[in-house]
Amino acid sequence: MEQRAAIKFCFKSEKTAIETYKLMQKQKAYWHDCLSRAAVSLWFRRFKEGRQSLEDDKREERPSTSCTESNVESVRFLLANERCLTIRLIADELRRHGSTFETDSTCPSRALPIGWMVPPSRQCTRAFVVHRHPISG
């Protein structure tokens, strides 16, 4: 947001996008985390079209996470009945694509690898964890 304000200032000062980008790269405040040249040009174009706001546009796409309580509960219910499930079996059961599952230890829906807290008689050959996007839909 701060860099966008600097871009807007340079735009109103009648500098070009490339001049602004080079100036931002030279400043110690931005040189490691400076926006890309394309991003600076994009914001210049937006300001040229009359935009005043520095905020991001509202998006109508999927949420960045689908780790909702109902999704977590669905996976927990399946795991409570059968701990030896692969990601593919969970995805098939919940009618979701398997790529919506991945490892992430920060998600509350994380399951322990097989062998931890699973009776030896019920151990599987595969281990899995359910990630922050366990079910999209």
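For the sequence shown, position 3 matches number 3 in full-length UniProt numbering, and the numbering has no gaps at all. Note that CB positions come from ideal geometry on N, CA and C, so glycine has one too. Here the structure is a predicted model, which means the values were calculated and not measured.
- Query: What number of angstroms, rounded off, separates the C-alpha of I87 from the C-alpha of S70?
  - Reply: 18 Å
- Is it buried or exposed for K11, if we count other Cβ within 10 angstroms and need 16 for buried? With the sequence shown as reference, residue 11 is identified as Phe, and Lys is not the correct amino acid for it. Per the 10 Å Cβ criterion, buried.
- Complete alpha helix (DSSP H) runs within the UniProt domain "Mos1 transposase HTH" (4-50) (minimum length 4 residues, chain order): 17-26 and 37-48
- Item | Pair within 9 Å by beta-carbon distance, L94 and S74 | yes
- Can you give me the Cβ contacts of I7 inside the same chain, cut-off strictly under 7 Å, excluding the 5 residues immediately before and after it? Excluding positions up to five away in sequence, the list reads T20, V40, W43 and F44.
- Message: Classify A17: buried if its beta carbon has 16 or more other beta carbons within 10 angstroms, exposed otherwise.
- Response: A17 is buried by the Cβ-count criterion.
- Task: Please classify D56: does DSSP put it in a helix, a strand, or coil?
- Result: coil
- Work out the CA separation of R51 and R59 for me, nearest whole Å. About 17 Å.
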